[in-house]
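Beneath this line is the structure, given in structure tokens, with notes to follow.
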DNA sequence: AGCATATCGGAAATCGTTTTCCGCATGAGC
DNA sequence: GCTCATGCGGAAAACGATTTCCGATATGCT
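Chains as they are written, first to last, in my numbering: chain Y, 7 to 365; chain U, 7 to 365.
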């Protein structure tokens, strides 16, 4: 295999100096058209590609963004990543993906690893809501950063793109209430995890609005782990009057909860109403289909990418620092079950209430 | 924010030359213990981390592996990736992930991008079975490469880790045959896609072994796209005597097929038997649970990582070039349905044939 | 025609590290 | 006590680009 062509080879081929080659290729002013032509021809002929490392060393930039996730083995994250990655790639950036394996204490190490590699920007979606140390680390790195569905640090270089979990969660609760549910349970991820917090707050708020007191015994927070979610769901569902509706805040938790329901012989949509967060294959294909709070994951990824691309361009930071994207409640059969109340004549009234709510 | 410490700062702090610092830190022979101590102390105090780019430029290596996928938004791929990534990371490598968006013509561009970045190794799992151009490109790059569930090129630096799709597929077919099915349909990915080919070959072979002729009308190949899979499944299931059993070779295809079944009002496990490849959440949680061919995705990823780590160590290539990992057939309710046949006396012969086949 | 200015090309410094080469010093052997 | 071998550390080259600085040329104006 032949050795890779360097800028010197191109210079020799085009009969000019190396400096001229660099200027010609990088579109500097004051370069004659003729020279550009010759250099381009030579570069093309030799299949010259500027050495990435030398380039980066000199310019202090790598055209690489670091992407920190808790785990990529989560369809929601991986879908977002795919979209962001495509947008970044067309923007001329490659992306180095690092997983903290859902261990908050690894976040700092991951960030430092990426920083050492001189990434030009960061997208952070580590699962554990980063403790102070990680956020501080982020700030002192001085790298443009987009937080993905996380709280932004106050930092100048820190942007965020988030989903509006709250409004759809309120509608979900209202929907359940309108169907007569009063014992509405909630299982979320870690309590300090941004999406969980948003969802829980909205849940509590909506219950309150409906005149129902959120009951501590009906809300549980678990880790991102199907086993743990399964255990929590079992506990919750085995209460003496079991809850008549369940909201699960996340797709891993959904899997755990479905296992628990299955093991207890409870039929979704008949014995219990179920609402999931994030509309994945499973929610659509499950029998019965599961009501879910959907968000456009592609849009989330692309928006994060664009925000970062803009943030990485020196100066010109006109953009909003925090972008909030909408969510949407998709009603399916899993919440068609009406809570059978002693009183009757509920159907008509409830259908009306829903129609009202949905508009 | 203070400027990052360079090797010169460390040298000055420790009152030695830069060369000595480099040697001390990199554990060269002929370095006195005293010197090492002093240098280490200085490095620690200044929080010195060798600049990645300069290091790479000089050594011609980046401690980075490139990972090429068709899409990461596929739970099977992302699970494999997560495992591989962890293993590589503990081996001291970071990983740059590039997606070809399931477009075969982008493969070469992606590979060249990674090569330009001087990746030390490659793991390739691009969805489209790379046409000759990509494979040739791979060969001329001269980078140690592990193919993930793909055919290895003959190249010296090319390794592969594959799943033994065939044996479980044969068992699956035998299982269906033993329950009286004769019209066993198959929907796979692109026909030139390695796993699809392996699965289809085994399917045809097993049918043949059972005395059933694989019928062209019952086998379809589609792209990695739920819509396309849905369309193919519809066509297949609307045949006049519809197939009594369906094997879907991949999780995207499974989703499409389930949609089609749902739309046609066919109940899995009652109206039709269903076998899926790859045991994902959906197969376990679907009602009824779906019989699936399982493989250890973590193991696949870790094995690929280890193979590559070893391949990247110069020399010492004792390892097998191709590793084949087992798969396993998980029987669930989706194949409990027995095909009621008009004729009898078939059972005995087939059961015998199956017992033979499985061993 | 001569001078000043604008523009372009070439040589060399720079980025931060590794690595080679060489000289010095210390130790041992005769 | 002198020499030789060996181990250790310092100076400088190399990696491959960018970029600054400076000299040279061409052009335009008076």
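C-beta: ideal position from N, C-alpha, C; glycine also. Here the structure is a predicted model, which means the values were calculated and not measured.
Locate the alpha helix (DSSP H) running through residue i, then write down its first and last residues.
i, result
"residue 64 of chain Y", "58–65"
"residue 163 of chain U", "Neither: residue 163 of chain U is in no alpha helix (DSSP H) and is coded neither H nor E."
"residue 190 of chain U", "Counting along the chain, residue 190 of chain U falls outside any alpha helix (DSSP H), though it belongs to the beta strand (DSSP E) covering 190–194."
"residue 202 of chain Y", "200–215"
"residue 288 of chain U", "287–291"
"residue 131 of chain U", "First-last for residue 131 of chain U: 127–131, but that is the beta strand (DSSP E), not the alpha helix (DSSP H)."
"residue 96 of chain U", "81–96"
"residue 45 of chain Y", "39–52"
Out of the options, which one is the CA nearest neighbour of residue i?
i, options, result
"residue 85 of chain Y", "Y:270, Y:242, Y:304, Y:100", "Y:304"
"residue 109 of chain Y", "Y:149, Y:227, Y:263, Y:74", "Y:74"
"residue 314 of chain U", "U:197, U:77, U:163", "U:163"
"residue 227 of chain Y", "Y:203, Y:269, Y:194", "Y:194"
"residue 65 of chain U", "U:112, U:126, U:46, U:38", "U:126"
"residue 244 of chain Y", "Y:262, Y:270, Y:231", "Y:270"
"residue 205 of chain U", "U:216, U:336, U:192", "U:192"
"residue 225 of chain U", "U:56, U:203, U:216", "U:203"
"residue 326 of chain U", "U:45, U:92, U:166", "U:166"
"residue 80 of chain U", "U:301, U:45, U:258", "U:258"
"residue 343 of chain U", "U:67, U:34, U:183, U:169", "U:183"
"residue 10 of chain Y", "Y:56, Y:47, Y:33, Y:32", "Y:56"
"residue 366 of chain U", "U:279, U:173, U:68, U:242", "Here chain U covers residues 7 to 365 and nothing more, so residue 366 of chain U does not appear."
"residue 168 of chain U", "U:72, U:318, U:98, U:199", "U:199"
Beta-carbon separation of residue i and residue j under 9 angstroms?
i, j, result
"residue 251 of chain Y", "residue 281 of chain Y", "yes"
"residue 100 of chain U", "residue 119 of chain Y", "yes"
"residue 289 of chain U", "residue 260 of chain U", "yes"
"residue 171 of chain Y", "residue 341 of chain Y", "no"
"residue 237 of chain U", "residue 283 of chain U", "no"
"residue 229 of chain U", "residue 201 of chain U", "no"
"residue 179 of chain Y", "residue 152 of chain Y", "no"
"residue 59 of chain U", "residue 59 of chain Y", "yes"
"residue 82 of chain Y", "residue 286 of chain Y", "yes"
"residue 124 of chain Y", "residue 159 of chain Y", "no"
"residue 117 of chain Y", "residue 72 of chain Y", "yes"
"residue 92 of chain Y", "residue 107 of chain U", "yes"
"residue 291 of chain U", "residue 319 of chain Y", "no"
I need the DSSP call for residue i, collapsed to helix, strand or coil.
i, result
"residue 184 of chain Y", "helix"
"residue 334 of chain U", "strand"
"residue 233 of chain Y", "helix"
"residue 343 of chain Y", "coil"
"residue 23 of chain Y", "coil"
"residue 296 of chain U", "coil"
"residue 13 of chain Y", "helix"
"residue 169 of chain Y", "strand"
"residue 78 of chain U", "coil"
"residue 251 of chain Y", "strand"
"residue 149 of chain U", "coil"
"residue 18 of chain Y", "helix"
Between the alpha carbons of residue i and residue j, how many angstroms are there, rounded?
i, j, result
"residue 156 of chain U", "residue 246 of chain Y", "53 angstroms"
"residue 187 of chain U", "residue 310 of chain U", "38 angstroms"
"residue 15 of chain Y", "residue 220 of chain U", "59 angstroms"
"residue 54 of chain Y", "residue 27 of chain Y", "11 angstroms"
"residue 51 of chain U", "residue 19 of chain U", "9 angstroms"
"residue 208 of chain Y", "residue 76 of chain U", "38 angstroms"
"residue 24 of chain Y", "residue 13 of chain Y", "6 angstroms"
"residue 339 of chain U", "residue 272 of chain U", "15 angstroms"
"residue 336 of chain Y", "residue 185 of chain Y", "16 angstroms"
"residue 262 of chain U", "residue 312 of chain U", "35 angstroms"
"residue 176 of chain Y", "residue 330 of chain Y", "17 angstroms"
"residue 17 of chain Y", "residue 145 of chain Y", "42 angstroms"
"residue 347 of chain U", "residue 103 of chain U", "Because the pLDDT of residue 347 of chain U is 49, which lies under 50, any placement of that residue in the model is unreliable, and the question is left without a value."
"residue 354 of chain Y", "residue 173 of chain Y", "In this prediction, residue 354 of chain Y has a pLDDT of 39, which is less than 50 and means its spatial position is unreliable; nothing more can be read from the coordinates."
"residue 161 of chain Y", "residue 62 of chain Y", "26 angstroms"
Give the range of the beta strand (DSSP E) segment to which residue i is assigned.
i, result
"residue 100 of chain Y", "100–105"
"residue 309 of chain U", "Looking at the DSSP string, residue 309 of chain U is not in any beta strand (DSSP E); the run it does join, the alpha helix (DSSP H), is 303–318."
"residue 68 of chain Y", "Taken as a continuous stretch (DSSP letters only), residue 68 of chain Y belongs to no beta strand (DSSP E), as it is neither H nor E."
"residue 221 of chain Y", "From DSSP, residue 221 of chain Y is part of no beta strand (DSSP E); its letter is neither H nor E."
"residue 279 of chain Y", "279–283"
"residue 274 of chain Y", "Here residue 274 of chain Y belongs to no beta strand (DSSP E), and DSSP marks it neither H nor E."
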